[in-house]
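Asker:
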Amino acid sequence: MTTPPSPPAPGAFQELAPEQAQRWIQSGEAVIVDVREPDEHAAEHIAGASLMPLSRFNPNDLAPLRGRKIIMQCRSGRRSADACRLAAGTGIGGLYNLTGGILAWKDRSLPVESGGKAPGLSVMRQVQLTIGAGVLGGAALAWLVHPAWIGLSAFFGAGLLFAGATGTCAMANLMAMAPWNRVTPRPGDASRDTCA
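Using our numbering, the first residue of the sequence shown is number -12, and each one after it goes up by one.
#1: My understanding is that PRO40 touches ALA163, with C-beta atoms under 8 angstroms, so please give their C-beta distance in whole angstroms.
#2: Which of the three DSSP states is assigned to VAL20 in this structure?
#3: Compare the Cα-Cα distances from ILE57 to each of ARG72, CYS156 and ARG43 and report the closest residue.
#4: Straight-line CA distance for LEU131 to ALA8?
#5: Considering Cα atoms alone, identify which of ASN160, GLN115, LEU128 and ALA165 is closest to GLY144.
#6: Please report the straight-line C-alpha distance between ASN160 and VAL22, rounded to a whole angstrom.
#7: Figure out for me which residue from GLY124, LYS93 and LEU82 has the closest Cα to the Cα of ARG62.
#8: Specify, as a first and last residue, the run of the beta strand (DSSP E) that PHE201 falls within.
#9: Taking SER37 as the reference, which of ARG43, VAL20, ARG53 and GLU31 has the closest Cα?
#10: By DSSP's criteria, LYS93 is part of a beta bridge. Which residues make up the other side?
#11: Quick check: does the Cβ of THR77 come within less than 7 angstroms of any heavy atom belonging to the ligand NAD?
#12: Specify the secondary structure class of ALA183 as computed by DSSP and reduced to three states.
#13: If you follow the alpha helix (DSSP H) that MET162 is in, where does it begin and where does it stop?
#14: For MET158, which residues of its own chain have a beta-carbon under 6 angstroms away from its beta-carbon, when the five flanking residues on both sides are left out?
#15: Alpha carbon to alpha carbon, what distance is there between GLY88 and GLU6?
#16: Hey, ARG66 and VAL18: beta-carbon distance below 8 angstroms or not?
#17: How many angstroms separate the CA atom of GLU16 from the CA atom of ARG53?
#18: Alpha carbon to alpha carbon, what distance is there between GLY121 and THR153?
#19: From PHE142, GLY35 and TRP136, pick the residue whose C-alpha is nearest to that of PRO98; which is it?
#20: For GLN7, list the residues DSSP reports as bridge partners.
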């Protein structure tokens, strides 16, 4: 048995193994916050996870949870680490990032709730289709109409380069806000529709 990590200081966060996270969640010591997009959460999530998508994340929404351990979770741990950094910057203490995200959780055969596949295409597939159409359209227009249209393909290429370098995809954030990608939150999930 491993020793549980000591609480991180306000303004900091620690990585947390899935097994320890499960023990804390089951005992009521911790709450889990899913920072994935609504379609990802609807498809599957850790039982009891509150949905606060990183694309619309406001660390102030964590204020009612102060005094409890707060475990941030996403697919692989990257977005949740970003959310931890944002929250830590506001001085919230007791922040933990679920190491490896829900993928690591499932690799250890820990339980998840499945809501089935969310209707339609995932946000990431919509982004891929949009970028592919933009690149292909720009190349076709540059070939058939005017060479300056190659700038459209370059624009999408620059966006992909930025997304890869920073781990932030502006187009995915915009697509997630589209009306067809809205998933009605379950009772107990934090609603993002009322935030400015």
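Yeah, the Cβ is synthetic: ideal placement off N, Cα and C, and Gly gets one too.
Answerer: Looking at the atomic coordinates:
#1: Here residue 40 refers to the residue found at position 53 of the sequence shown. Here residue 163 refers to the residue found at position 176 of the sequence shown. Right, their Cβ atoms sit about 7 angstroms apart.
#2: Translated into the one-based positions of the sequence shown, residue 20 becomes position 33. The answer is strand: DSSP assigns VAL20 an E or B state.
#3: As a working mapping, residue 57 is identified with position 70 in the sequence shown. The shortest C-alpha separation from ILE57 is found at ARG72.
#4: Stepping through the sequence shown from its first residue, residue 131 is reached at position 144. Stepping through the sequence shown from its first residue, residue 8 is reached at position 21. The alpha-carbon atoms of LEU131 and ALA8 are separated by roughly 57 angstroms.
#5: Locating residue 144 in the sequence shown gives position 157, where the first residue counts as 1. Selected option, being the one with the closest Cα: GLN115.
#6: For the purposes of this step, residue 160 is taken as residue 173 along the sequence shown, with counting starting at 1. For the purposes of this step, residue 22 is taken as residue 35 along the sequence shown, with counting starting at 1. Straight-line Cα distance between these residues: approximately 12 angstroms.
#7: Here residue 62 is taken as the residue at index 75 of the sequence shown, counted from 1. That would be LYS93, whose Cα lies nearest to the Cα of ARG62.
#8: Residue numbering for the chain in the displayed model covers -12 to 183; residue 201 lies beyond these limits and cannot be assessed.
#9: Working through the sequence shown from its first residue, we reach residue 37 at position 50. The candidate whose alpha carbon is nearest that of SER37 is VAL20.
#10: The count along the sequence shown starts at 1 and reaches residue 93 at position 106. The partner list for LYS93 (beta bridge, DSSP) is empty, contrary to what the question assumes.
#11: In terms of ligand content, the structure shown is empty, and the ligand NAD therefore cannot be addressed.
#12: Counting from 1 along the sequence shown, the entry for residue 183 is found at position 196. Caution applies to ALA183, whose pLDDT of 26 falls short of 50 and renders its modelled position unreliable; the model cannot decide the point.
#13: Here residue 162 refers to the residue found at position 175 when the sequence shown is read from its first residue. Residues 157 to 163.
#14: Here the question's residue 158 lines up with position 171 in the sequence shown. Only VAL114 meet the Cβ criterion.
#15: The count along the sequence shown starts at 1 and reaches residue 6 at position 19. The count along the sequence shown starts at 1 and reaches residue 88 at position 101. Whole-angstrom Cα-Cα distance: 12 angstroms.
#16: Position 79 of the sequence shown, counted from the first residue, corresponds to residue 66. Position 31 of the sequence shown, counted from the first residue, corresponds to residue 18. No, Cβ-Cβ distance for ARG66 and VAL18 is not below 8 angstroms.
#17: To locate residue 16, count along the sequence shown from 1; it is residue 29. To locate residue 53, count along the sequence shown from 1; it is residue 66. Note on geometry: alpha-carbon atoms of GLU16 and ARG53 lie some 12 angstroms from one another.
#18: Position 166 of the sequence shown holds residue 153. Position 134 of the sequence shown holds residue 121. Going by the C-alpha atoms only, they are around 21 angstroms apart.
#19: As a first step, residue 98 must be located in the sequence shown, where it is residue number 111. For the residues PHE142, GLY35 and TRP136, the minimum Cα distance to PRO98 belongs to GLY35.
#20: For the purposes of this step, residue 7 is taken as residue 20 along the sequence shown, with counting starting at 1. Note: GLN7 sits in no beta bridge, so no partner.
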